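Letter by letter, the sequence shown follows residues 0 to 137 of numbering that gives the first Met the number 0.
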Amino acid sequence: MVGVKVTKNTVAKGVSKAIPIVGGVVSGGLNFASMLPMAKRLAAALDKANFDYTEAEALSDYQEVQGLAEETRPSDKATGSRKMAMGKFFSKGKKTAPVALQTEDSIDKIQRLARLREQGAITQEEFEAKKAELLARI
Numbered sequence: 000m001v002g003v004k005v006t007k008n009t010v011a012k013g014v015s016k017a018i019p020i021v022g023g024v025v026s027g028g029l030n031f032a033s034m035l036p037m038a039k040r041l042a043a044a045l046d047k048a049n050f051d052y053t054e055a056e057a058l059s060d061y062q063e064v065q066g067l068a069e070e071t072r073p074s075d076k077a078t079g080s081r082k083m084a085m086g087k088f089f090s091k092g093k094k095t096a097p098v099a100l101q102t103e104d105s106i107d108k109i110q111r112l113a114r115l116r117e118q119g120a121i122t123q124e125e126f127e128a129k130k131a132e133l134l135a136r137i
């Protein structure tokens with residue numbers, strides 16, 4: 000009787016500790032199996048992406064940044080020119096939208112702001128300020 004009771008308690012404690020472990024393994028396996036195809040598709044899409052950035056451009060940019068980092072700061076004028084050079088460097092790859100697209104985008108934003116003003120979501124002053132800001136960009 001004592002042996003049966005001890006065996007039952009030992010088995011019950013062992014099973015109660017094994018169930019969470021088995022559940023974790025099963026859950027982790029299901030997550031891994033469901034996420035693996037998506038991870039492979041993402042890796043393939045990133046491999047196919049065309050970033051238009053060659054090894055030569057990367058080396059040139061690295062050398063340019065190193066040159067800017069090695070400069071000393073003798074005056075505010077030199078600091079200003081360094082900031083301009085860094086600005087040109089970081090905006091090198093950026094492409095701006097054509098003026099026609101910028102104009103259409105600004106007009107759409109102004110129309111949306113007008114609807115918000117009519118609904119009472121923004122005040123007339125807020126509308127005028129934002130409208131002036133958008134028109135200044137055109």
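Every residue gets a Cβ at the ideal spot worked out from N, C-alpha and C, and that includes glycine. From a predicted model like this one, the values you see are computed outputs, not experimental measurements.
Around the Cβ of L29, a 10 Å sphere holds fewer than 16 other Cβ atoms; the residue is exposed. By the neighbour-count criterion, in which a residue is buried when 16 or more other Cβ atoms sit within 10 angstroms of its Cβ, L112 is buried. Annotated three-state conformation of A120 is coil, per DSSP. Annotation: L133 to S33 spans about 46 Å, alpha carbon to alpha carbon. Between the beta-carbon of Q123 and that of R116 there is about 6 Å, and that keeps the pair under the 8 Å contact cut. Within the model, the alpha-carbon separation for K12 versus V5 is close to 11 Å. Annotated three-state conformation of T6 is helix, per DSSP.
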